[in-house]
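*Asks:* Sharing a structure below in C-alpha cells format, with a few things to ask.
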Amino acid sequence: MSRAKAYSKILDSYLKFKIGRLKPLFTSYSITYRCNLKCSYCSNWRIKSSELNTVQALKVVDKLGDFGVAIVDFSGGEPTLRRDLEILARRLHEYSCTTSMNTNGTLINNHRTKRIAKVFDYVTVSIDGLPEVNDMIRGAYGVYVKSINTVRNLRREGVRVGVNTVISKSNIDTLSEFIDNIIDDVDYLTLQPIHSSNIEDLRINDDKILSLVNYIVKVKKTYPGKIPLTYSYIYGFINYFKGRMRKICDACKLYFAVDPNGNVLACGARGDIVLGNILTSDLNNILLDGYFKVLNTINSCRGCWLTCTTGLSLTMRESISGNINLIKHIIPSHAT
C-alpha cells in the first residue's frame, strides 16, 4: 500500500472535518465480541452475538473502502479469534486504507505474527500495568508475558506497535513504574481512563490523578512522539475522574463504529445507538441521519474520555500548520 496515498486520505478527511463536511476519518470495526479473556472493566465478552461470515465481512470492508474511510481499526472482543482477520485487512489495503488492530496479544504465535505484519500498519496491544496487576485485571495468569512478547515480536517484523493502558483504581498506584518499564519497548503508548457507569470505579484520589497526569506530561516531553495524545486530552483526566468532563462528540462526522453483525453505531461507546446496517443501507445516508440523531441525544449522553472518540476529536482540533506531527501520529494515537 502506498504510504503517500494513505496519508493523503487522512489529510483529506482532516480538511473536510475542518470545513464541517461529513467525511469520517476513523472506523472501529468490532469483527467479533468473543474474547479469550475476561477483563474486569470490559463486558463485551458477555455479549452473545452472531457475527458475519468472511464473504459478508468482506462486503463490509468494501463498503468502508468505497466510502473513503482513511483508517479502519479492527477490535472486539479479541479480533485475532477470527481466522480471516488478515484477509479483511488485506482487502482494505487495496483501497489505500490504513489498517490497525487492538488486541490483547495473547493468541499471536510466530506464524500469525508474520501474517499480521504483512497487512497491518499499526497494532495496539492492551496492557494495563505491571505483570501481577495486569494479570489480575485481565483475569488470567501469564497474560503480561504473552502480551509483551507479542509487542516485541511484531516490532521485529517491522510493524509499528504500541500499548494502550486503561487507568483505573486497580493500577493507579503503579502506573508510573509500568510506564518506565514499557516505554523503550513500544513505538507509542496511549492511556485512557476507565469507561464505567459505576461511580465507585471513578473515585480515585485527586492527588493520585494529578501526580499521574504530571508524570505522563513529563514522559511525553522526554520521549517525543511516544505519547501521541494532546495535552488537552491528558489534562482532561483530572476533570473526568471528578465527573466534570467536557462533552466533545464528533460521532458520524469524524468517526463511527461497526459491530459484528454489520450494524453501524454512532460510536463504540454507545452500542445502544444503532443507525442502520452497512450491508442493507447506503452508508452516506446512515451517517447523515445518524449525525442529526447524535445532536439530539448528546445532552442525555453521560460522555466519555476515550482515545478513539474524545482523544481523536481533540487531536483534529489542533492546527495542522502548528502541529507538524499530526498526520504522522494521528493513526496510532487513536487506533485503540
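Those letters in the sequence shown? Residues 223 to 558, per this note's numbering, in order. Ideal Cβ placement from N, Cα and C applies to all residues, glycine included.
On the three-state DSSP scale, how would you describe Y344?
*Replies:* In this structure, Y344 counts as strand in the three-state DSSP scheme.
*Asks:* Using the rule of at least 16 other Cβ atoms within 10 Å of the residue's Cβ for burial, across every protein chain shown, is D504 buried or exposed?
*Replies:* Exposed, since its Cβ has fewer than 16 Cβ neighbours within 10 Å.
*Asks:* Would you mind working out which of Y363, R382, I431, K442 sits nearest S390, comparing C-alpha positions?
*Replies:* Ranking Y363, R382, I431, K442 by Cα distance to S390 puts I431 first.
*Asks:* How should I546 be labelled, buried or exposed, when 16 other C-beta atoms within 10 angstroms of its C-beta is the threshold for buried?
*Replies:* Reliability of the predicted coordinates at I546 is poor, the pLDDT of 40 falling under 50, and no value is obtained from them.
*Asks:* Use the C-beta contact count for D220: other C-beta atoms within 10 angstroms, 16 or more gives buried, fewer gives exposed.
*Replies:* The structure shown does not extend to residue 220, since the chain spans only 223 to 558, so no value can be given for it.
*Asks:* Can you give, in chain order, each stretch of the beta strand (DSSP E) that sits fully within the segment 358-431 and has at least 3 residues?
*Replies:* Within the segment 358-431, the complete beta strand (DSSP E) runs of at least 3 residues are 382-389, 410-415.
*Asks:* Could you give the residue range of the alpha helix (DSSP H) that holds S454?
*Replies:* Taken as a continuous stretch (DSSP letters only), the alpha helix (DSSP H) holding S454 covers 453-463.
*Asks:* If you draw a straight line from the alpha carbon of I552 to that of A362, how long is it in whole angstroms?
*Replies:* Low per-residue confidence applies at I552: pLDDT is 47, beneath 50, and the placement is therefore not dependable enough to give any value.
*Asks:* Measuring CB atoms only, is the segment 390-402 touching the segment 431-442, in the sense that at least three cross pairs come out at less than 8 angstroms?
*Replies:* As far as the Cβ criterion goes, the segment 390-402 touches the segment 431-442, which means the pair count is three or higher.
*Asks:* In angstroms with no decimal places, state the Cα-to-Cα distance between Y255 and T532.
*Replies:* Answer to the nearest angstrom: the Cα atoms are 23 angstroms apart.
*Asks:* DSSP on M538, reduced to helix/strand/coil?
*Replies:* Residue state, collapsed to three classes: helix.
*Asks:* Name the DSSP beta bridge partners of T320, please?
*Replies:* In DSSP, T320 forms a bridge with I293.
*Asks:* On a Cα-Cα basis, can you pick out the residue from T537, N386, M323 that is closest to G351?
*Replies:* When each option's Cα is compared against that of G351, the closest is N386.
*Asks:* Which of the three DSSP states is assigned to A491 in this structure?
*Replies:* In this structure, A491 counts as coil in the three-state DSSP scheme.
*Asks:* If I'm right that D409 touches V383 with Cβ under 8 angstroms, what's the distance once you round it to whole angstroms?
*Replies:* With a Cβ gap of about 6 angstroms, D409 and V383 count as contacting.
*Asks:* Starting from the Cα of T537, find the closest Cα among L501, L476, R374, G490 and give me that residue.
*Replies:* With distances taken between Cα atoms, T537 lies closest to L476.
*Asks:* Do you know offhand how far V486's Cα is from L497's?
*Replies:* If you take the alpha carbons of V486 and L497, they lie about 6 angstroms apart.
*Asks:* Would DSSP call L548 helix, strand or coil?
*Replies:* The pLDDT assigned to L548 is 46, lower than 50, so where the model puts this residue is not dependable; a value taken from the coordinates is nonetheless given after this. Three-state result, L548: helix.
*Asks:* Between the segment 353-360 and the segment 332-344, are three or more C-beta pairs nearer than 8 angstroms?
*Replies:* The answer is no - the segment 332-344 does not touch the segment 353-360, with fewer than three Cβ pairs under 8 angstroms.
*Asks:* Report all residues from its chain with a CB closer than 6 angstroms to the CB of N393; omit the five preceding and five following residues, and keep chain order.
*Replies:* If we look at N393 and ignore the five residues flanking it on each side, its Cβ neighbours are D350, G351, V355.
*Asks:* So, helix, strand or coil for S250, using DSSP?
*Replies:* Strand.
*Asks:* Would you list the one or two residues that DSSP bridges to F478?
*Replies:* BP columns for F478 point to T249.
*Asks:* Can you look up N275 in the DSSP assignment and give me helix, strand or coil?
*Replies:* It is coil, neither helix nor strand.
*Asks:* Quick check on the burial criterion: 16 or more other C-beta atoms within 10 angstroms. Buried or exposed for F514?
*Replies:* Exposed is the call here.
*Asks:* Along the chain, where does the beta strand (DSSP E) that runs through G498 open and close?
*Replies:* Note, G498: beta strand (DSSP E), 496-499.
*Asks:* Once you ignore the five residues that flank D343 on each side, which residues in its own chain have a CB closer than 6 angstroms to its CB?
*Replies:* Closer than 6 angstroms at the Cβ level, and outside the excluded window around D343, lie T320, T321.
*Asks:* Run the CB neighbour count on Y462, radius 10 Å, all protein chains shown included, and call it buried at 16 or more, exposed below.
*Replies:* Y462 is buried by the Cβ-count criterion.
*Asks:* Grouping DSSP H, G and I as helix and E and B as strand, with all else coil, what is T558?
*Replies:* Its pLDDT being 49, under 50, T558 is placed unreliably in this model, and the coordinates cannot settle the point.
*Asks:* Tell me which residue opens and which closes the alpha helix (DSSP H) that Y513 is part of.
*Replies:* First-last of the alpha helix (DSSP H) with Y513: 505-519.
*Asks:* Any idea if R304 is buried or exposed, counting beta-carbon neighbours within 10 angstroms, 16 or more meaning buried?
*Replies:* Looking at its Cβ environment, which holds 16 or more other Cβ atoms inside 10 Å, R304 is buried.
*Asks:* Starting from E308, follow the alpha helix (DSSP H) in both directions and report where the run begins and ends.
*Replies:* Residues 307-315.
*Asks:* I'd like to know whether the C-beta atoms of L534 and V282 end up nearer to each other than 8 angstroms.
*Replies:* Against a cut-off of 8 angstroms, the Cβ pair of V282 and L534 comes out as no contact.
*Asks:* Assuming S252 contacts A479 (C-beta within less than 8 angstroms), just tell me the rounded distance between them.
*Replies:* Between A479 and S252 the Cβ distance is about 7 angstroms, and since that is below 8 angstroms, they are a contact.
*Asks:* Give a yes or no on whether the C-beta atoms belonging to D407 and V373 are separated by under 8 angstroms.
*Replies:* Result yes, Cβ atoms of D407 and V373 sit closer than 8 angstroms.
*Asks:* Measure how close the beta-carbons of I309 and T276 come, nearest whole angstrom, since I'm counting them as under 8 angstroms.
*Replies:* Contact holds; Cβ gap of about 7 angstroms.
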